[in-house]
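In my numbering, the protein residues as written are 7 to 123.
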């Protein structure tokens with residue numbers, strides 16, 4: 007049996023940061039968290055599954071909104087402490103605000119300015 011899951015360096019809370027990136031455009035969509043169960047479920051289902059720290063449970067991205075993230079590839083960084091989730095974003099909306107990406111604010115003139123994305 008493979009020990010691939012043990013190569014992931016989860017933090018003291020059993021979580022690892024997961025960066026979702028759109029495979030077709032290369033855009034960074036969001037940062038979420040995964041525990042070992044979320045990683046395994048993502049691979050099993052072929053769609054992104056994250057761990058909600060506020061709700062203390064797993065959530066399938068798009069389960070209620072239809073904005074699923076279909077898994078293309080899962081990558082582990084050089085230190086083993088971050089995961090890149092390469093996905094095809096359904097409905098082109100990743101953020102709960104209704105935007106394509108959660109990274110829609112840019113630092114400018116000592117403030118955060120909303121970008122038109």
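Heads up, the beta-carbon is just placed ideally off N, CA and C, and yes, glycines get one too.
Query, Result
"Contact belief for residue 108 with residue 36 at Cβ below 8 Å, rounded distance in angstroms", "4 Å"
"Contacts around residue 43, its chain only, beta-carbon distance under 7 Å, and the 5 residues preceding and following it disregarded", "64"
"Nearest candidate by alpha-carbon position, reference residue 102, set 82, 38, 20 and 33", "38"
"Residue span of the beta strand (DSSP E) that contains residue 82, given as start and end", "75 to 82"
"Under the three-state DSSP convention, the category residue 35 falls into", "strand"
"Buried versus exposed call for residue 97 [16 or more other C-beta atoms within 10 Å across all chains shown]", "exposed"
"Any 3 or more C-beta pairs closer than 8 Å across the region 43 to 56 and the region 64 to 79", "yes"
"Where the alpha helix (DSSP H) containing residue 49 begins and where it ends", "42 to 51"
"Beta-carbon proximity list for residue 18, same chain, < 6 Å, skipping 5 on both sides", "none"
"Residue 31 versus residue 9: straight-line alpha-carbon distance, rounded", "32 Å"
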